[in-house]
Amino acid sequence: MPGVHTVGLFKPYERQSADAKEGRTSLVRTDEPSTKKAKVVTAPAPEPKPEQVPGAKKPHPTRSRKDAERERREALHPTLSKAERRKRERQAKFENRDKALQLTEKMPSRELMRNHIDSRRNLAEFALPVMIVILAVLLLGSQFPVLQVIASLATWLLLVLVVLDMWVMWRRYKKLLNERLPNEHTRGLFMYGLNRAMQIRRFRQPAPTIKRGEKF
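In the UniProt record's numbering, the protein residues as written are 1 to 216.
What follows is the structure in structure tokens.
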């Protein structure tokens, strides 16, 4: 309509929204960042150790070596009985002895002695079977005194021949040892060679690695 001025309508929600915006703005501007205080952790003070008075008795008696060893075995085998523990210990001792024996048999001087014995014919190897035959003749030939005399002479003759054969064996071995292993000692090697020479070849341990008459 001409001549009539239109008055803008008052919108209360606009005022409120404006106030809300100003309020948010003011909150953002006036809000200060919060500061966090670091927590200080204090470690507990160590407890004072009791002073040891010279000459004072111990609170508990000192364990003996036997008790400590028993506790150690129980800790290693807590579920084993006494019989099982003894069996394990015997097996461990046998294995340790076997390892030590293997190390000893690997010594160059012993290996040389084994080869020297295995490469020759030794009278001592046949001494045991012959002695069994002579003993049987002595027991069964009581009615024939002549047989007993012959068996006795054969026994002494066999012993003399075995001693001579072992003497020859030892001299030749020492010569080989001086040529091949001059710095090796001969302690205990004679008895080692004698024991091996008295054994039947197939039952020798360690088993022979060379044939009779073969050079090594």
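Backbone N, C-alpha and C define an ideal beta-carbon position, used for all residues, glycine too.
Cα-Cα separation between leucine 189 and glutamate 71, rounded to whole angstroms: Using only the alpha carbons, I get a separation of about 43 Å.
One question on the structure: do valine 162 and alanine 136 come within less than 8 Å of each other, judged by their Cβ atoms? Not a contact, by the Cβ cut-off of 8 Å.
Endpoints, the alpha helix (DSSP H) within which glutamate 84 is located: Element bounds for glutamate 84: 82 to 105.
Out of curiosity, what's the CA-to-CA distance linking glutamine 205 and leucine 101? When rounded, the distance between both Cα atoms is 11 Å.
As a quick exercise: from Arg85, Pro208, Asn195, Ala92, pick the residue whose alpha carbon is nearest that of glutamate 125. Answer by Cα proximity: Asn195.
Of the choices Ile210, Gln148, His116, whose alpha-carbon is the least far from that of leucine 176? The option with the nearest alpha carbon to leucine 176 is His116.
Contacting residues, own chain, Cβ-Cβ under 7 Å from alanine 38 (five flanking each side not counted): For alanine 38, the predicted model reports a pLDDT of 48, less than 50, meaning its position is unreliable and no value from the coordinates is stated.
Going by DSSP, what residue range makes up the alpha helix (DSSP H) through serine 109? Under the DSSP assignment, serine 109 falls in the alpha helix (DSSP H) whose first and last residues are 108 to 118.
Quick check on the burial criterion: 16 or more other C-beta atoms within 10 angstroms. Buried or exposed for alanine 207? Classification of alanine 207: exposed, given that the 10 Å Cβ count is below 16.
Can you tell me whether DSSP reads glutamine 199 as helix, strand or coil? Looking at glutamine 199 - three-state DSSP - the assignment turns out to be coil, as it is neither helix nor strand.
Using beta-carbon positions only, say whether arginine 201 and leucine 112 come within less than 8 Å of one another. Between arginine 201 and leucine 112, the C-beta spacing is not below 8 Å.
Boundaries (first-last residue) of the alpha helix (DSSP H) holding serine 152: Here the alpha helix (DSSP H) through serine 152 covers 145 to 180.
Local conformation of leucine 27 per DSSP, three classes: Residue confidence is low: leucine 27 scores 42 on pLDDT, short of 50, so the model does not pin down where it sits. Its coordinate-derived value is still stated next. It is helical.
Buried/exposed call for glycine 213, threshold 16 Cβ in 10 Å: That one is exposed.
As assigned by DSSP and simplified to three states, the class of alanine 127: Alanine 127 falls in the helix class under three-state DSSP.
Once DSSP output is grouped into helix, strand and coil, what is the label at lysine 66? For lysine 66, the three-state secondary structure derived from DSSP is helix.
Identify, in the order they occur along the chain, each residue of the same chain with its Cβ nearer than 8 Å to the Cβ of methionine 131, setting aside the five sequence neighbours on each side. Excluding positions up to five away in sequence, the list reads Thr155, Leu158.
How long is the line joining the alpha carbons of glutamine 91 and glutamate 105, rounded to whole angstroms? Rounded to whole angstroms, glutamine 91 and glutamate 105 show a C-alpha spacing of 21 Å.
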